[in-house]
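Counted the way our numbering counts, the sequence shown spans residues 7 to 341.
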Amino acid sequence: MRTQVVAAIAVAGLVAACGSDGDAPTEEAGGEGAAGGDVSIGLVTKTETNPFFVTMREVASEYAEEQGVELTALAGEFDGDNEGQVRAIEDLIAQGVDGIMITPSNSSGVLGAIEQARSQGIVVVALDTATDPEDAVDATFATDNFEAGRLQGAYVRAALGDEEPRLIMLDGTAGGTVDTFRHDGFLEGFGLEEGDPAIVGMENTQGDQNTAQTAMENLLQRSPDVNAVYTINEPAARGAYAAIEARGLADQITIGSIDGGCEGVQDVADGKYAATVMQFPAEMVRQGIDAIIEAAEGGEPPSGFVDTGSVVITDDPVEGIESEDTEWGLENCWG
């Protein structure tokens, strides 16, 4: 894992820096670089407002220009806008692009459109979220979400020390691929089975801060003695912390999360939650563009799952878990 992560950071060049604009418009980019020639690529993200996907779009635009690639960036109107993503793919097919990169809102809902694209010789790669089945696309460049969840779980359990765990789990969307992998990975890292009595509460939050805060408030009323919280992402972690702080329980509870956005890393530095597991959206985009360029120029098409790495960020390291501190995190964060 460490070798993969170091390689990812080296290639990424640390372009996705803190403080990027949270509302990027649909954009096209192109240039006269040596690698891409007349290659055209479409990027379809879940939304164009989430900082994770804003970073993808910004990095894709910059990298496409460097490589001389024409880029068309489209997005759903909201997280879960499957129909919007299907329309975007159909539009890119009509444009005759060489490749499409997509972060699927629904792992199976876009399969028909993807099949149509591939039948016309368009290389399709998934970013961040795998399709179901995974081989519906040529390749996937993403965080190993099970491993990211496992790292969060292992850290939170180690941070509890000798305390008997009383765990609340703030999940994302029921049945989502990323949500399932992170949830299951956390339980493995934490050392619990599904349904263990140590899990004193569980709610879906759609990864939304306000929804997570409300869920945490309700769960705390039933289980005020909780000492550990799993969160699907950093907005959910912020919501959890707000509810916990309002009850005066911040010193009692260890919160873990996953994302690695600049705001989330700063939250860790400020002591709002103990650790986050950083992902590398810029690396997903760069590797996807490189793979499509190679295939378009007659090389081997991409295939399989490529793990773009994950790193635990904390200022309170625990024995047996590799991590970086928040100073490093703020130098390498996105959003």
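The beta-carbon is built from N, C-alpha and C at its ideal position, and this holds for glycine as well.
Note that the coordinates shown come from a computational prediction; the quantities given were computed from them, not determined experimentally.
In the three-state reduction of the DSSP assignment, Ser329 falls in the strand class. In the three-state DSSP reduction, Gly195 falls in the helix class (H, G or I). Contact annotation: the region 320-329 touches the region 279-287, with at least three C-beta pairs closer than 8 Å. Of the candidates Thr109, Gln101, Val103, Leu77, the residue whose Cα lies closest to the Cα of Gln91 is Thr109. With fewer than 16 neighbouring CB atoms inside 10 Å of its own CB, Pro230 falls in the exposed class. Annotated as proximal: Gly178 and Gly213, with beta-carbon spacing under 9 Å. Collapsing the DSSP output to three states places Leu255 in coil. Sorting Ser113, Glu240, Ser67 by C-alpha distance to the C-alpha of Thr146 places Ser113 at the top.
The shortest CA-to-CA distance from Thr55 to any of Leu80, Ala180, Gly182, Glu121 is the one to Leu80. For Val235, the three-state secondary structure derived from DSSP is strand. Membership of Val291 in the alpha helix (DSSP H) is indicated by the continuous run 287-302. Secondary structure of Ala136 (DSSP, three-state): coil. Boundaries of the beta strand (DSSP E) harbouring Ala79: 76-81, taken from the DSSP string. Taking 9 Å as the cut-off, the beta carbon of Asp104 is found no closer than this to the beta carbon of Ser309. The shortest C-alpha to C-alpha distance from Gly266 to any of Thr217, Gly335, Glu223, Gly254 is the one to Gly335. When the five nearest sequence neighbours on each side are left out, the beta carbons in the same chain lying within less than 6 Å of the beta carbon of Glu83 are those of Gly90, in order along the chain.
If you draw a straight line from the Cα of Ala119 to the Cα of Leu226, it comes to about 44 Å.
Residue environment for Glu251: exposed (fewer than 16 other C-beta atoms within 10 angstroms of its C-beta). Ranked by Cα distance from Pro241, the first of Ala234, Val232, Gln272, Gln258 is Gln272. Taking C-alpha positions only, Ala160 is separated from Arg63 by approximately 32 Å. Sorting Gln126, Asp150, Ile99, Ala302 by C-alpha distance to the C-alpha of Gly315 places Asp150 at the top.
Considering only Arg292, Val318, Gly305, the residue with the shortest C-alpha distance to Gly270 is Val318. With a cutoff of 9 Å on beta-carbon distance, Asn233 and Pro171 are scored as near each other. In this structure, Ala246 and Leu176 form a Cβ contact; the two beta carbons are roughly 6 Å apart against a cut-off of 8 Å. If you check the CB distance, Gly102 and Ser46 come in under 9 Å. For Asn210, there is no enclosing alpha helix (DSSP H); the enclosing beta strand (DSSP E) has its first and last residue at 205-210. Residue environment: Ser111 is assigned as buried (16 or more neighbouring CB atoms within 10 Å of its CB, all protein chains considered). Here Gly315 carries a coil assignment [DSSP, helix/strand/coil]. Here DSSP, grouped into helix, strand and coil, assigns Gly167 to coil.
About 7 Å separates the Cβ atoms of Phe311 and Ala136, confirming a contact at the 8 Å cut-off.
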